[in-house]
Each structure stands twice: as structure tokens, then as C-alpha cells.
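A.B. asks: Let me begin by handing over the structure; questions about it come next.
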Amino acid sequence: MVNEYVGRFAPSPTGLLHAGSLAAALASFIDAKAHNGRWLIRIEDVDQTRCKKEWAEGILEVLSRLEMTGDGEIIWQSRRTDRYAEVLDRLIAEKKVYGCSCSRHSIELLNRLSGSPLNHYPGTCRNGAQGPIRSWRFKTNSTAIKFVDRWAGPYSQDVEKEVGDFVVKRADGLFAYQLAVVVDDHDSGINHVVRGADLIDNTPRQIAIYEALDWPQPAYMHIPLVLNEQHEKLSKQAGARPLGDNLLDELSKAWTHLGFDPIKAQSFGDFYLKAALQWQNRFL
Ligand code: GLU
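Below, the structure is given as C-alpha cells:
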């Protein structure tokens, strides 16, 4: 069918699911159900230095206990490096990505001298690497990138000014999240991305890559983050509490966190049906 909704949940296995990632899983799943669309699961284990197989298995086990079943094969980023390399080669050939010899240390040093934010890339290698190539960077331009987030509304970022030319292949040889996520979403036909608000400031970088590749962009929705008592984002790396055994209870909490009416449900199927109706009333 033309224009069929395709969404996804794409956890990084840097720990087990917690209340924050459950909210992202639930929102993306319910948005897909409310649209009568397909929903895919992708394990974002591209950063092998932070991901563990047992966490990936733990996440998949909880999703299966939640009866959140993907409508297609599970995609593993760690198995897709050849494809990322192919897209990177295209971007290099089209001069949209260039080799960079700067180290984090040299970038910080320059920024300290000029009073710029420490991780902003000053463009040193834009017109030619100054030494052996360490990483590969996407060439940004000064046009602000704008999109309308389905949750947060209009969003705009001048990527060149706020981030600078960003890394798409890292000095340790790993492909960066920004490139992998675009290639994966595109290859899976994803046209709706629903994820946590912590990623909203990454979205303009991803849109810049879509534009460079002349690929259609998905619609975006960034849902509010779940915070801990210190008002910090829950994160797997910071040791957020894994989900408890009563998963219906955990789902209910995630649901009301998103500002919806509490749901009393006998089963997961019943919960998702009621949730999809509320979602349709609010967004469709
Ligand atoms: N892998 C990311 C995370 O677990 C999510 C990426 C995305 O949804 O685009 O936070």
C-alpha cells in the first residue's frame, strides 16, 4: 500500500529497558497501532564499545513479555556496516563528507582559544585534512534546518553554527549514530520516528543527511523524557532502575507520564487497544 505508516523502536543496548525507554517503546508502538501501520524493532548496537549482547537480549525479552511484537525481522546495526560504508562512500564521492585529521584535544584547544563551545567543530579540515585522516565529517551549511515536531511543534537549528561539521565515521573506525540511524530508517522505509526528547537536537543533523542523499524524510515526534528525583534524564548508562516484574503497572505509569488518562486493562492487548483509542483522539 502506498504511504503505509512504518514506525520503529530503536533501543541502544547500553543497559536494560527503564521507565524512559519504555515510554519511547510504548509511544512508538501505539502511534503505529493508531495509524494501523507497521512497527519495527532495531537494536542500535553500532557503538560496540558501549553495547552488550546480553542487554540486547534482555531488551528483546522484555518487549516480548510486553507482547510488543515487531512486524518484520529485528535489525541489528552491528550487521550493517557494509551498507553504512557504501553510503559513506557516496557522500565522500559527492564531496558532502570529508576526511578530518583533528583530535578531540586539538579541537578543544582551538575552541578554548577562540572562546567557542568546546565540542563545536571549527572547520579546520574543511578544505583539506591537515594530516592523516582520523574521522569523516559531514559538511554542514549555514541554512537553518526546520521541521515541525508532532509533539513539540516547530523546531529550528543552524547546524553549522550550533554543532559544526559533525562526525559520521569516528576515529575508532565505528560509524556514528547520526549516519547509521538515517541509513537504517531509510532502508526500512520508516516514515514516522517517535523517540525521546533528548534526541530532538540531533534531528536537524539527520535531516541534513537525508537532504544530502536526496531521501524522503520521516515525520518526527519527540516525547517528554522521564526524569529521576534529581530531575535528570533516566539513562541506562547512569544505572536507571530496570523495569519491575509487573509490566502492566509499568506500562500504566509510562502512559500517564505521557499525559494520557489512566488505563485499567486485563491484558496487554486490552491496554494497547485502549491506548490507541486515546492516542487517535489526541493526535489523529
Ligand atoms: N538508540 C537510541 C537510544 O536508545 C534511539 C535512537 C532513535 O530512536 O533514533 O536512545
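Position 20 of the sequence shown, counted from 1, bears residue number 33 in our numbering, the numbering being contiguous throughout.
Ideal placement from N, C-alpha and C gives every residue a C-beta, glycine not left out.
Computed from a predicted structure; not experimentally measured.
Quick test of the definition: if touching needs 3 or more C-beta pairs under 8 Å, does the region 146–161 touch the region 172–185?
C.D. replies: yes
A.B. asks: So does Glu-70 have its beta carbon nearer than 8 Å to some heavy atom of ligand 1?
C.D. replies: Taking the sequence shown and counting its residues from 1, the one referred to as residue 70 is at position 57. No.
A.B. asks: Less than 9 Å between the beta carbons of Pro-217 and Tyr-168, yes or no?
C.D. replies: The residue you call residue 217 lines up with position 204 of the sequence shown. The residue you call residue 168 lines up with position 155 of the sequence shown. If you check the CB distance, Pro-217 and Tyr-168 come in under 9 Å.
A.B. asks: Do Gly-28 and Ala-253 have their beta-carbon atoms positioned less than 9 Å apart in this structure?
C.D. replies: Within the sequence shown, the letter at position 240 stands for residue 253. Within the sequence shown, the letter at position 15 stands for residue 28. Their beta carbons are under 9 Å apart, which means Ala-253 touches Gly-28 by this criterion.
A.B. asks: Under a Cβ-count criterion, where at least 16 other Cβ atoms within 10 Å of its own Cβ denotes burial, should Val-110 be classed as buried or exposed?
C.D. replies: Reading the sequence shown from its first residue, position 97 is the one you call residue 110. Buried, because 16 or more other Cβ atoms sit within 10 Å of the Cβ of Val-110.
A.B. asks: Out of curiosity, what's the CA-to-CA distance linking Ala-165 and Arg-117?
C.D. replies: Locating residue 165 in the sequence shown gives position 152, counting from the first residue. Locating residue 117 in the sequence shown gives position 104, counting from the first residue. Each residue's alpha carbon lies about 33 Å from the other.
A.B. asks: Once you ignore the five residues that flank Ala-267 on each side, which residues in its own chain have a CB closer than 7 Å to its CB?
C.D. replies: Counting from 1 along the sequence shown, the entry for residue 267 is found at position 254. Result list for Ala-267: Ala-32, Leu-35, Ala-36, Leu-39, in chain order.
A.B. asks: Considering only heavy atoms of ligand 1, does any lie closer than 8 Å to the CB of Tyr-168?
C.D. replies: For this step, residue 168 is matched to residue 155 along the sequence shown. Not so, every heavy atom of ligand 1 lies at least 8 Å from the Cβ.
A.B. asks: Can you give me the Cβ contacts of Val-172 inside the same chain, cut-off strictly under 7 Å, excluding the 5 residues immediately before and after it?
C.D. replies: In the sequence shown, counting from the first residue as 1, residue 172 sits at position 159. For Val-172, where only same-chain residues beyond five positions count, the Cβ hits under 7 Å are Thr-153, Ile-158, Pro-217, Arg-218, Ala-221.
A.B. asks: Could you check whether the Cβ of Tyr-223 sits closer than 8 Å to any heavy atom belonging to ligand 1?
C.D. replies: Within the sequence shown, the letter at position 210 stands for residue 223. Result no, Cβ not under 8 Å from ligand 1.
A.B. asks: When DSSP labels each residue in this structure, what does Lys-152 get in the three-state scheme?
C.D. replies: By one-based count along the sequence shown, residue 152 stands at place 139. In the structure shown, Lys-152 sits in coil (DSSP, three-state: anything other than H, G, I, E or B).
A.B. asks: Measure the C-alpha to C-alpha separation of Pro-229 and Tyr-18 and round it to an integer number of angstroms.
C.D. replies: The residue you call residue 229 lines up with position 216 of the sequence shown. The residue you call residue 18 lines up with position 5 of the sequence shown. Roughly 14 Å separates the two Cα atoms.
A.B. asks: Could you check if His-244 is buried or exposed, using at least 16 other CB atoms within 10 Å of its CB as the buried criterion?
C.D. replies: The residue you call residue 244 lines up with position 231 of the sequence shown. A residue is called buried when at least 16 other Cβ atoms come within 10 angstroms of its Cβ; His-244 does not meet this threshold and is exposed.
A.B. asks: Contact between the region 52–64 and the region 264–279 is defined here as three or more beta-carbon pairs at a separation below 8 Å; is this criterion met?
C.D. replies: no
A.B. asks: Terminal residues of the continuous alpha helix (DSSP H) containing Ile-213?
C.D. replies: For the purposes of this step, residue 213 is taken as the residue at position 200 of the sequence shown. No alpha helix (DSSP H) contains Ile-213, which DSSP labels as neither H nor E.
A.B. asks: For a quick check, are the C-beta atoms of Glu-57 and Cys-64 less than 9 Å apart?
C.D. replies: Here residue 57 is taken as the residue at index 44 of the sequence shown, counted from 1. Here residue 64 is taken as the residue at index 51 of the sequence shown, counted from 1. The answer is yes: Cβ separation under 9 Å.
A.B. asks: State the DSSP-derived secondary structure class of Lys-10, mapped to helix, strand or coil.
C.D. replies: In this structure the chain extends from 14 to 297, so residue 10 is not present and cannot be described.
A.B. asks: Taking the alpha helix (DSSP H) that Val-194 belongs to, which residues open and close that run?
C.D. replies: Along the sequence shown, one-based indexing puts residue 194 at 181. Taken as a continuous stretch (DSSP letters only), the alpha helix (DSSP H) holding Val-194 covers 190–200.
A.B. asks: Would a C-beta distance cut-off of 9 Å place Leu-256 and Phe-281 closer than the cut-off?
C.D. replies: To locate residue 256, count along the sequence shown from 1; it is residue 243. To locate residue 281, count along the sequence shown from 1; it is residue 268. Not a contact, by the Cβ cut-off of 9 Å.
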